[in-house]
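Residue numbering for the sequence shown follows our numbering, beginning at 21 and increasing consecutively.
Built from N, CA and C at the ideal position, the CB exists for glycine as well.
Bear in mind the structure is a predicted one, so any value in this text is a computation, not a measurement.
What follows is one structure encoded as structure tokens, with my remarks underneath.
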Amino acid sequence: MDDKFRKAMLKTGHSQVDNDKQVLVYEVDLYKDMIEELEENLIRITNDYKNKCRGFDQMTRDMKKLQTECHFYKECLQQRECLIEVRRHGMSVAFNHLLSPIGSTQRAGLVLIDSHECNGVDALNGDINGTTSESIGDDSGSECGLSASATKTAASASAISQEAAQLLMDVSGFSLEAKIKSLLTEKQMFMNEMNAIKTELTLERERSAKLELTLIHGSNQSANCEPNLDIQREANKLISDYKFKLRKCEQEMTVLNGNVVRLETQLLRYRTAAEEAEKLEDELKADKRKTQRELREALARIEELETSNAHLQKRIDKLKSNRNIVINTTN
Numbered sequence: 021m022d023d024k025f026r027k028a029m030l031k032t033g034h035s036q037v038d039n040d041k042q043v044l045v046y047e048v049d050l051y052k053d054m055i056e057e058l059e060e061n062l063i064r065i066t067n068d069y070k071n072k073c074r075g076f077d078q079m080t081r082d083m084k085k086l087q088t089e090c091h092f093y094k095e096c097l098q099q100r101e102c103l104i105e106v107r108r109h110g111m112s113v114a115f116n117h118l119l120s121p122i123g124s125t126q127r128a129g130l131v132l133i134d135s136h137e138c139n140g141v142d143a144l145n146g147d148i149n150g151t152t153s154e155s156i157g158d159d160s161g162s163e164c165g166l167s168a169s170a171t172k173t174a175a176s177a178s179a180i181s182q183e184a185a186q187l188l189m190d191v192s193g194f195s196l197e198a199k200i201k202s203l204l205t206e207k208q209m210f211m212n213e214m215n216a217i218k219t220e221l222t223l224e225r226e227r228s229a230k231l232e233l234t235l236i237h238g239s240n241q242s243a244n245c246e247p248n249l250d251i252q253r254e255a256n257k258l259i260s261d262y263k264f265k266l267r268k269c270e271q272e273m274t275v276l277n278g279n280v281v282r283l284e285t286q287l288l289r290y291r292t293a294a295e296e297a298e299k300l301e302d303e304l305k306a307d308k309r310k311t312q313r314e315l316r317e318a319l320a321r322i323e324e325l326e327t328s329n330a331h332l333q334k335r336i337d338k339l340k341s342n343r344n345i346v347i348n349t350t351n
């Protein structure tokens, strides 16, 4: 009886160990599924992070570009305001601006020109609005910060932009008045040349119109007129060339439009195929996880059934041995 009890206890312990093992195996499989899902979530989150990083970089570049443009426009606005102030106060500058060549005038895009350095031309002393040095002294408390002690010095200087100063340096002449006269003369010459070109263009258009009228009414003219025939042949040749070029351009445009439509169709088709492939990939991954889970559950169930079968077989063997013992004892 002690041996039987011991054997029964051992079998019970083995059964308990097997059950604990099955529970642990099931928990391990469950943790594996959770790890796979977490890995997939990590991959998806990583892709989202990369996309957001690319978007952030693009927005950063756009912001830097906008900041650069904003700074440029602010500088332009500051130069404009400074030019307005200088114009309002008679284009005069303070004494410290005259002493400092890298002062606020250059920062505002202006250059000081002393009229005495232009061979004593005192008529151009920066008096654009007709203001005088007395009005400069009255406006000494304005935003430009002009002082009354520097008005006499600033009265002989003119503030112009750096581009205008560079242009004046390139113009021939010793005085400022001579340079301006040279610029006006050159401007008048260019205007005359432009008018001549416009006149020539008008004549050419009239000639083209006459050629077209000649082509239209060519059948009503005399066939023996040699100049008209030459003009008609020249016009026909010119029109044929233009028609050929027009047909060629139309053909190229048609081909390009067809290529654009074809490429757009291919792009749409590839985009649709990529989206469908991504959806199919997600579905296949989900099916794979489901199949693996079912497989692990089936294997666990099979192992459990095999263990139960082994226990039942042992009990059957035990009952058979007990029956044989009973039969032998009765005999």
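With a threshold of 16 other CB atoms inside 10 Å of the CB of C90, please say whether the residue is buried or exposed.
Taking the first residue of the sequence shown as position 1, residue 90 is located at position 70. Label assigned to C90: exposed.
Report yes or no: do the segment 314-323 and the segment 44-51 share at least 3 C-beta pairs separated by less than 8 Å?
Yes: at least three Cβ pairs fall under 8 Å.
Taking K41 as the reference, give the member of N344, L204, R321, K340 with the closest Cα.
By 1-based counting over the sequence shown, the position of residue 41 is 21. It is R321 whose Cα lies nearest to the Cα of K41.
Going straight from the alpha carbon of K218 to that of E224, what length do you get?
Stepping through the sequence shown from its first residue, residue 218 is reached at position 198. Stepping through the sequence shown from its first residue, residue 224 is reached at position 204. In this structure, the straight-line span from the alpha carbon of K218 to that of E224 is close to 10 Å.
Which term fits C102, buried or exposed, when burial requires 16 or more other beta carbons within 10 angstroms of its beta carbon?
The residue labelled residue 102 in the question sits at position 82 within the sequence shown. The residue in question, C102, is buried, as its Cβ has 16 or more Cβ neighbours within 10 Å.
Drop a sphere of 10 angstroms on the beta-carbon of V346, count the other beta-carbons inside from all chains shown, and report buried for 16 or more, exposed for fewer.
Working through the sequence shown from its first residue, we reach residue 346 at position 326. When all chains shown are included, V346 counts as exposed.
Going by DSSP in three states, L144 sits in which element: helix, strand or coil?
Taking the sequence shown and counting its residues from 1, the one referred to as residue 144 is at position 124. Because L144 sits at a pLDDT of 37, beneath the cut-off of 50, its placement in the model cannot be relied upon, and the point is left open.
Got a sec? Which residues, its chain only, sit under 6 Å from D337 by beta carbon, not counting five neighbours each side?
Counting from one through the sequence shown, the residue named residue 337 turns up at place 317. Apart from sequence neighbours up to five positions away, no residue of its chain approaches D337 with a beta-carbon distance below 6 Å.
By how many angstroms is the C-alpha of R282 removed from the C-alpha of K310?
Here residue 310 corresponds to residue number 290 of the sequence shown, with the count starting at 1. Here residue 282 corresponds to residue number 262 of the sequence shown, with the count starting at 1. Rounded to whole angstroms, the separation of the alpha carbons of R282 and K310 is 42 Å.
State yes or no: is the C-beta of E95 within less than 9 Å of the C-beta of K305?
For this step, residue 95 is matched to residue 75 along the sequence shown. For this step, residue 305 is matched to residue 285 along the sequence shown. Remark: C-beta atoms of E95 and K305 do not approach each other more closely than 9 Å.
Around the Cβ of K334, are there at least 16 other Cβ atoms within 10 angstroms (buried) or fewer (exposed)?
Within the sequence shown, the letter at position 314 stands for residue 334. It is exposed - the Cβ of K334 has fewer than 16 other Cβ atoms within 10 Å.
Exposed unless 16 or more other CB atoms sit within 10 angstroms - verdict on K72
The residue given as residue 72 occupies position 52 in the sequence shown. Counting Cβ neighbours within 10 Å, K72 comes out exposed, since fewer than 16 surround it.
S202 to I259 span [Cα, whole Å]
Locating residue 202 in the sequence shown gives position 182, counting from the first residue. Locating residue 259 in the sequence shown gives position 239, counting from the first residue. Straight-line Cα distance between these residues: approximately 46 Å.
State the Cα-Cα distance for the pair M54 and T80, rounded to the nearest angstrom.
By one-based count along the sequence shown, residue 54 stands at place 34. By one-based count along the sequence shown, residue 80 stands at place 60. Going from the Cα of M54 to the Cα of T80 covers about 38 Å.
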